[in-house]
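Asks: Just dropping this structure here.
Protein chains: 2
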Amino acid sequence: MPRHPAFASTLAGITGSVYSRLAHKLATYQGEIYPLHVGDTYLPPAEGCRAENFTEATHPGMHRYTAPQGRLDLLDAIIDRTARTQGLGAERGEVLVTAGATGGLGAVIGAIVNPGDEVVILAPFWPLIAGIVRTFGAVPVLVPFFGVASDAASAEAALAAAITDRTVAVYWNTPSNPTGLVIPGDWLEALVGLARRHDLWILADEVYEHYAWGAPHVYTRPLAPERTFSTHSFSKAYGMAGNRCGFMIGPAAAMEAARKVSTHSFYAAPTVAQLCARAALAGPGDAWAADAATKYAAVGRAAAERLGLPAPAGSTFLFVDVADGLDDRGLAGFLEDVVEEGVFLAPGESFGPYPTHVRLCYTAAPPDVVLRGVEVVARRLGR
Amino acid sequence: MPRHPAFASTLAGITGSVYSRLAHKLATYQGEIYPLHVGDTYLPPAEGCRAENFTEATHPGMHRYTAPQGRLDLLDAIIDRTARTQGLGAERGEVLVTAGATGGLGAVIGAIVNPGDEVVILAPFWPLIAGIVRTFGAVPVLVPFFGVASDAASAEAALAAAITDRTVAVYWNTPSNPTGLVIPGDWLEALVGLARRHDLWILADEVYEHYAWGAPHVYTRPLAPERTFSTHSFSKAYGMAGNRCGFMIGPAAAMEAARKVSTHSFYAAPTVAQLCARAALAGPGDAWAADAATKYAAVGRAAAERLGLPAPAGSTFLFVDVADGLDDRGLAGFLEDVVEEGVFLAPGESFGPYPTHVRLCYTAAPPDVVLRGVEVVARRLGR
């Protein structure tokens with residue numbers, strides 16, 4: 006029992022934000038800064054989809070609560086879009102508008118795990134997912150997958166080796182943060198088949214669905230709608246991460262359970278964020294995303310080439326093994342050295358057991374800035 | 006172990022939103038609607054503090070992430086204000102900007118409870134607090150308090166009777182949702198002393214701090230800064246509930262622990278909401294709140310008088326025992342009957358063991374609308 010001044014035992018395994026540890030350096034650095042550590046975009050949202058486009062005069066009551074599930078017009082726009090993108094529609098009861106994908110995954114995981122249960126996570130992984138699992142007392146089980154599995158059979162074997170009697174769910178992120186890889190359709194079919202045979206829930210994190218240019222993005226939910234939680238983010242899709250709005254689609258009974266958690270975590274997504282999202286879904290968002298994808302692909306390709314890496318297939322990241330640039334101070338020393346030149350990178354251990362990797366986001370600053378930062382990293386590595 | 010298609014055992018005790026069950030009726034009702042069920046305001050935020058006041062031109066990057074703790078300028082404004090209102094300042098590390106008070110209390114409770122621990126809640130209580138406690142596997146222990154305790158000694162005795170070996174924290178809300186009562190300073194001193202002797206954390210929910218006109222609001226944190234979490238809401242303070250922004254103040258180590266939970270629940274408060282909050286704290290907010298308090302007090306007094314009740318001392322609610330208006334259908338029948346006349350009320354059981362009470366919010370619609378709704382209720386009760 007914690008009591009004052011002790012804390013919940015679940016927190017022991019959770020590290021603080023990987024970014025906040027660098028924040029004070031970033032705030033005081035003199036000179037051009039290369040913020041390659043955070044997954045964000047330098048592009049403002051499409052015109053007509055910004056907070057400034059909604060006023061109390063045109064949208065009376067826009068600073069009041071919405072229903073916890075989300076505005077009805079947004080739910081319906083999501084359903085229309087899902088029918089088009091996934092080839093499989095949804096009922097209103099299958100959709101939950103959330104405080105970003107983070108809030109959505111938190112709500113769903115809170116709804117499906119008991120303390121001690123295991124959630125298998127394909128690694129390297131989006132850093133927050135392990136902490137979300139731990140927040141509810143469950144155990145993240147990491148499976149090296151991206152860059153390891155080479156076909157459907159080895160993908161299935163990697164997951165199979167991690168499943169135990171305590172496993173309740175499996176999580177994957179495609180297009181992948183941090184690797185830039187996209188899971189092929191036949192691999193997904195094999196993974197889904199295995200999940201079904203073991204009665205597992207599937208957490209399909211598809212927040213980079215618009216950003217797959219090197220290989221087609223394949224949606225998981227149509228393969229197993231009875232057990233899949235489709236995870237989506239207006240943040241990543243349409244450049245509005247600060248709005249804190251995303252959505253989940255899953256079986257109606259499960260989404261009702263998830264809504265119990267979300268109501269008690271953030272109550273509802275922000276009203277103005279829902280208005281921005283609704284406007285983006287009406288057309289401007291997809292045009293914006295298509296333009297952004299072209300820009301992201303170009304800078305991603307250029308960054309990879311400078312670092313001597315294969316071009317990313319999607320997402321907005323490169324995951325770089327910098328082992329040949331480390332001295333006896335290890336990765337911490339490397340990260341500090343590049344900070345002295347204004348470059349901020351995310352350490353590999355935030356993404357799994359990758360002590361010699363860094364993650365580099367190539368979209369959080371304009372391409373010319375990003376490429377100057379990449380130049381610093383490449384020189385440090387002697388590339 | 007839940008596995009598909011089962012859910013987490015924590016959810017069993019959590020009911021869905023009290024409001025969502027009435028939402029479909031509200032959406033289809035023909036005629037004037039009296040939305041007395043939801044705690045919100047009919048007043049838009051102060052000019053200069055609305056989403057429309059911030060643009061990409063004047064605030065470049067305003068749709069991007071902020072640091073999980075909150076914007077530095079907002080943290081500093083909160084600290085300034087806290088020094089003035091509480092007579093006790095704070096360090097930045099003691100403040101966390103959250104997705105409303107809901108997100109703040111969720112983060113803190115996630116940080117201080119283990120499954121099976123007990124949190125004592127002074128009842129009747131804000132409905133979401135019991136569900137927040139359950140979300141993390143802990144047990145809400147309800148203590149009839151408001152309207153029961155009559156002095157500092159009886160207040161202390163009520164709390165003392167509920168403390169067990171499993172108790173880790175105590176929660177109170179003053180000014181009180183739903184009763185409109187304000188806990189006097191000498192009662193708080195007695196409660197705090199008891200909490201200290203039992204090594205309990207204190208959750209002091211003060212979201213209606215600006216709305217105490219019948220008795221002075223007394224802040225708990227100065228009485229026990231080492232164990233108190235001050236809970237605040239820009240939603241209630243400044244009429245921006247849809248923005249999802251509030252803040253918590255507590256001991257630095259505890260707030261670092263809470264930030265681990267909040268980062269994994271909603272990541273950060275929305276950026277534009279933080280800009281609105283910052284603008285409100287610069288002056289317009291307190292002027293708005295003073296004006297709103299005058300308006301709220303007047304309509305609250307008029308509503309109470311029509312119902313034959315004492316005037317509320319604060320918050321934005323009346324908690325009405327309607328036992329003399331019930332037939333053999335019980336409270337459900339009463340609630341359905343008033344809905345037929347356009348009046349929506351929250352059922353007493355959402356606030357604790359109060360099967361013959363309803364909660365009535367007198368600020369979610371303009372005063373003339375509210376008072377027409379109150380007239381319907383009064384007539385039903387033969388008052």
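From first to last, the protein sequence lines are chains C and U.
Start counting the first sequence at 6; every next residue gets the next number (our numbering).
Start counting the second sequence at 6; every next residue gets the next number (our numbering).
Beta carbons: idealized from backbone N, C-alpha and C, even for Gly.
According to a CB-to-CB cut-off of less than 9 Å, which residues of the region 206–223 of chain C neighbour chain U?
Replies: Per Cβ criterion, the list reads 206, 207.
Asks: Which two residues bound the contiguous alpha helix (DSSP H) that contains residue 280 of chain U?
Replies: Counted from its first residue, the second sequence places residue 280 of chain U at position 275. Per DSSP, residue 280 of chain U belongs to the alpha helix (DSSP H) from 276–286.
Asks: When the Cα atoms are used, what is the spatial distance from residue 264 of chain U to residue 321 of chain U?
Replies: Position 259 of the second sequence holds residue 264 of chain U. Position 316 of the second sequence holds residue 321 of chain U. If I take the Cα positions, the gap works out to 30 Å.
Asks: Under 7 Å Cβ-Cβ, which residues of chain U neighbour residue 111 of chain C?
Replies: On the first sequence, residue 111 of chain C is found 106 positions in, with the first residue counted as 1. Residues of chain U passing the Cβ test: 269, 270.
Asks: Is residue 196 of chain U buried or exposed, if buried means 16 or more other CB atoms sit within 10 Å of its CB?
Replies: Against the second sequence, residue 196 of chain U aligns to sequence position 191. Burial call: buried.
Asks: Identify which residue in C/280, C/110, C/82, C/374 has its Cα closest to the Cα of residue 267 of chain C.
Replies: Residue numbering aside, residue 267 of chain C sits at position 262 when the first sequence is read from its first letter. Cα-wise, what sits closest to residue 267 of chain C is C/110.
Asks: Is the shortest distance between the beta-carbon of residue 197 of chain U and the beta-carbons of chain C less than 8 Å?
Replies: For the purposes of this step, residue 197 of chain U is taken as residue 192 along the second sequence, with counting starting at 1. Chain C, which has no Cβ nearer than 8 Å to the Cβ of residue 197 of chain U, makes this no.
Asks: To which residues of the same chain is residue 157 of chain C closer than 6 Å at the C-beta, ignoring the five residues directly before and after it?
Replies: Counting from 1 along the first sequence, the entry for residue 157 of chain C is found at position 152. The residues are 191, 192, 195.
Asks: So residue 382 of chain C and residue 343 of chain C are supposed to be a Cβ contact under 8 Å. How far apart are they, rounded?
Replies: One-based indexing of the first sequence puts residue 382 of chain C at position 377. One-based indexing of the first sequence puts residue 343 of chain C at position 338. Contact holds; Cβ gap of about 6 Å.
Asks: Spatial neighbours of residue 171 of chain U within its chain, please: C-beta separation below 8 Å, excluding the five flanking residues on both sides.
Replies: For the purposes of this step, residue 171 of chain U is identified with residue 166 of the second sequence, where counting begins at 1. Same-chain partners within the cutoff: 121, 122, 123, 144.
Asks: For the region 215–261 of chain U, which segments carrying the alpha helix (DSSP H) assignment without a break, of at least 4 residues, lie completely within its bounds, in sequence order?
Replies: Counting only runs of 4 or more, we get 239–243.
Asks: Counting only Cβ pairs nearer than 7 Å, list the residues of chain C close to residue 49 of chain U.
Replies: On the second sequence, residue 49 of chain U is found 44 positions in, with the first residue counted as 1. Result: 61, 68.
Asks: Since residue 112 of chain C is in the alpha helix (DSSP H), which residue starts that stretch and which ends it?
Replies: Along the first sequence, one-based indexing puts residue 112 of chain C at 107. That run of the alpha helix (DSSP H) goes 105–117.
Asks: What residue range does the alpha helix (DSSP H) around residue 62 of chain U cover?
Replies: As a position in the second sequence, residue 62 of chain U is number 57, starting the count at 1. Run containing residue 62 of chain U: none; DSSP gives neither H nor E here.
Asks: Just tell me which of U/168, U/258, U/175, U/131 has its CA closest to the CA of residue 181 of chain U.
Replies: Residue numbering aside, residue 181 of chain U sits at position 176 when the second sequence is read from its first letter. Nearest of U/168, U/258, U/175, U/131 to residue 181 of chain U, Cα basis: U/131.
Asks: With residue 114 of chain C and residue 148 of chain C assumed to form a contact (beta carbons below 8 Å), what rounded beta-carbon distance in angstroms separates them?
Replies: In the first sequence, residue 114 of chain C corresponds to position 109, counting from 1. In the first sequence, residue 148 of chain C corresponds to position 143, counting from 1. That belief does not hold up - the Cβ atoms of residue 114 of chain C and residue 148 of chain C are roughly 17 Å apart, past 8 Å.
Asks: Comparing alpha-carbon positions, which option in C/299, C/39, C/281 lies nearest residue 75 of chain C?
Replies: Here residue 75 of chain C refers to the residue found at position 70 when the first sequence is read from its first residue. Answer by Cα proximity: C/281.
Asks: I'd like to know if residue 57 of chain U contacts chain C, where contact means its C-beta is closer than 8 Å to some C-beta of that chain.
Replies: One-based indexing of the second sequence puts residue 57 of chain U at position 52. Yes, its Cβ sits closer than 8 Å to a Cβ of chain C.
Asks: For residue 301 of chain U, does the three-state DSSP call read helix, strand or coil?
Replies: In the second sequence, counting from the first residue as 1, residue 301 of chain U sits at position 296. Three-state DSSP puts residue 301 of chain U in a helix.
Asks: Please confirm if the region 282–290 of chain C is in contact with the region 322–338 of chain C, defined as three or more CB-CB distances below 8 Å between the two stretches.
Replies: Short answer: they don't touch.
Asks: For residue 183 of chain U and residue 323 of chain U, what's the separation of their Cα atoms in angstroms?
Replies: Counting from one through the second sequence, the residue named residue 183 of chain U turns up at place 178. Counting from one through the second sequence, the residue named residue 323 of chain U turns up at place 318. Approximately 6 Å between the Cα atoms of the pair.
Asks: Quick check: is the beta carbon of residue 286 of chain C nearer than 8 Å to any beta carbon in chain U?
Replies: Along the first sequence, one-based indexing puts residue 286 of chain C at 281. Chain U, which has no Cβ nearer than 8 Å to the Cβ of residue 286 of chain C, makes this no.
Asks: Mind listing the chain U neighbours of residue 16 of chain C? Cutoff is C-beta to C-beta under 9 Å, in chain order.
Replies: Within the first sequence, residue 16 of chain C is the residue found at index 11, counting from 1. Under the 9 Å cutoff, chain U gives 115, 116, 262, 265, 266.
Asks: Please tell me whether residue 182 of chain C has its Cβ less than 8 Å away from any Cβ of chain U.
Replies: Mapped onto the first sequence, residue 182 of chain C falls at position 177. Residue 182 of chain C does not count as touching chain U.
Asks: Could you tell me whether the Cβ atoms of residue 96 of chain U and residue 257 of chain U are closer together than 8 Å?
Replies: Position 91 of the second sequence, counted from the first residue, corresponds to residue 96 of chain U. Position 252 of the second sequence, counted from the first residue, corresponds to residue 257 of chain U. The answer is yes: Cβ separation under 8 Å.
Asks: Can you tell me which of C/242, C/246, C/200 puts its alpha carbon nearest to the alpha carbon of residue 230 of chain C?
Replies: In the first sequence, counting from the first residue as 1, residue 230 of chain C sits at position 225. Selected option, being the one with the closest Cα: C/200.
Asks: Buried or exposed: where does residue 35 of chain C fall if 16 or more other Cβ atoms within 10 Å of its Cβ makes it buried?
Replies: Within the first sequence, the letter at position 30 stands for residue 35 of chain C. Under this definition residue 35 of chain C is an exposed residue.
Asks: Can you tell me which of U/277, U/101, U/365, U/350 puts its alpha carbon nearest to the alpha carbon of residue 30 of chain U?
Replies: The residue given as residue 30 of chain U occupies position 25 in the second sequence. Closest by alpha carbon: U/350.
Asks: Give a yes or no on whether the minimum CB-CB distance between residue 71 of chain C and chain U is below 8 Å.
Replies: Residue numbering aside, residue 71 of chain C sits at position 66 when the first sequence is read from its first letter. At least one chain U Cβ lies under 8 Å of residue 71 of chain C.
Asks: Assuming contact is defined by CB atoms lying nearer than 8 Å, are residue 254 of chain U and residue 136 of chain U in contact in what I supplied?
Replies: As a working mapping, residue 254 of chain U is identified with position 249 in the second sequence. As a working mapping, residue 136 of chain U is identified with position 131 in the second sequence. No, they are not a contact pair.
Asks: For chain C, check one thing: does any of its Cβ atoms lie closer than 8 Å to the Cβ of residue 4 of chain U?
Replies: Since the first residue shown for chain U is 6 and the last is 388, residue 4 of chain U is missing from the structure and cannot be characterised.
Asks: Return no unless some Cβ of chain U is closer than 8 Å to the Cβ of residue 43 of chain C.
Replies: The residue given as residue 43 of chain C occupies position 38 in the first sequence. It does; some Cβ of chain U falls within 8 Å.
Asks: Under 7 Å, CB to CB, which of the residues in the region 119–148 of chain C have a partner in chain U?
Replies: Under the 7 Å Cβ criterion, the region 119–148 of chain C contributes 119, 120, 122, 133, 136, 137, 140, 142.
Asks: For chain C, is any of its Cβ atoms less than 8 Å away from the one on residue 105 of chain U?
Replies: Numbered from its first residue, the second sequence carries residue 105 of chain U at position 100. Taking Cβ atoms only, chain C reaches closer than 8 Å to residue 105 of chain U, which makes this a yes.
Asks: Distance cutoff 8 Å, beta carbons only. Does residue 362 of chain U sit that close to anything in chain C?
Replies: In the second sequence, residue 362 of chain U corresponds to position 357, counting from 1. Not one chain C Cβ lies under 8 Å of residue 362 of chain U.
Asks: Measure the C-alpha to C-alpha separation of residue 365 of chain C and residue 49 of chain C and round it to an integer number of angstroms.
Replies: Position 360 of the first sequence, counted from the start, is the residue given in the question as residue 365 of chain C. Position 44 of the first sequence, counted from the start, is the residue given in the question as residue 49 of chain C. Between residue 365 of chain C and residue 49 of chain C, the C-alpha separation is close to 20 Å.
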